[in-house]
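Visitor: Sharing a structure, written as structure tokens. Questions coming.
Residue numbers (our numbering): 245 to 301.
Right, dumping it as structure tokens:
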């Protein structure tokens, strides 16, 4: 393999594993996720836990 191919391979591996590590760290910091329901003006909605229904198959 040429030097440029090795450099590109190392760079691609670093991007993939770095993204995985970054995602894991973000999930540990915010385990519920960062999705927030917003109204039409962009303000967060107040959602009561008993109003959210989960569909089961």
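In this text, a Cβ means the ideal position worked out from N, Cα and C, and glycines have one as well.
Where DSSP assigns a beta bridge to residue 282, which residues make up the other side?
Guide: Here residue 282 is taken as the residue at index 38 of the chain shown, counted from 1. Paired residues: 288.
Visitor: Measure how close the beta-carbons of residue 288 and residue 281 come, nearest whole angstrom, since I'm counting them as under 8 angstroms.
Guide: In the chain shown, counting from the first residue as 1, residue 288 sits at position 44. In the chain shown, counting from the first residue as 1, residue 281 sits at position 37. Correct: roughly 7 angstroms between the Cβ atoms.
Visitor: Could you pull the start and end residues of the alpha helix (DSSP H) that residue 272 belongs to?
Guide: Locating residue 272 in the chain shown gives position 28, counting from the first residue. Here the alpha helix (DSSP H) through residue 272 covers 247 to 273.
Visitor: Can you give me the C-alpha to C-alpha distance between residue 248 and residue 266, rounded to a whole angstrom?
Guide: Here residue 248 corresponds to residue number 4 of the chain shown, with the count starting at 1. Here residue 266 corresponds to residue number 22 of the chain shown, with the count starting at 1. Using only the alpha carbons, I get a separation of about 26 angstroms.
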